[in-house]
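A short write-up of the structure that comes next.
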Amino acid sequence: MQSLPRKLNAANKRHIILTSLQHQISSSAISTELAEISRTQVHPSTVWRSLARNHVHGRIVAQKPYFLCVNKAKQLNYIQKHRNWDAEKFKWGWRFGQDQQCPQC
3 MQSLPRKLNA ANKRHIILTS LQHQISSSAI STELAEISRT QVHPSTVWRS
53 LARNHVHGRI VAQKPYFLCV NKAKQLNYIQ KHRNWDAEKF KWGWRFGQDQ
103 QCPQC
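Be aware that the sequence shown starts at 3, since it is given in the working numbering, and climbs by one per residue.
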């Protein structure tokens, strides 16, 4: 039993990967662009599968820490206040002292 012919050739696959990495556009926009350039009609899910096979996945960039002068000052105060805490105290955080005996808190 023969399988259906592939919609994407090697050049189309390379174009999909390069477009996705350079411009960060959606798979539907890539499929529309591919139809205009090479006259190959592909569904956006085909583009998505092609990207997934080549280990290109959509990710959200991690947020940078919010360090304004005010936040830096607050962080410095916290560090100076808790400078001599050991790892056990940091593990308990706000539940330190008499609350340590009450794990339900």
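For each residue, glycine too, the CB sits at the ideal point set by N, CA and C.
Threonine 34 is positioned such that its CB atom lies no closer than 9 angstroms to that of leucine 10. Judged by DSSP secondary structure, isoleucine 32 falls within the alpha helix (DSSP H) whose first and last residues are 29-40. By the Cβ-count criterion, serine 29 is buried, with 16 or more other Cβ atoms from all chains shown falling within 10 Å of its own Cβ. Assignment of serine 52 by DSSP, reduced to helix, strand and coil, places it in the helix class. Boundaries cannot be given for tyrosine 68, as no alpha helix (DSSP H) includes it and DSSP labels it neither H nor E. Contact between the stretch 10-19 and the stretch 32-46 is present, with at least three C-beta pairs closer than 8 angstroms.
If you look at arginine 16, you'll find it in the alpha helix (DSSP H) that goes 12-25. Leucine 23 sits exposed, since fewer than 16 C-beta atoms from the chains shown fall within 10 Å of its C-beta.
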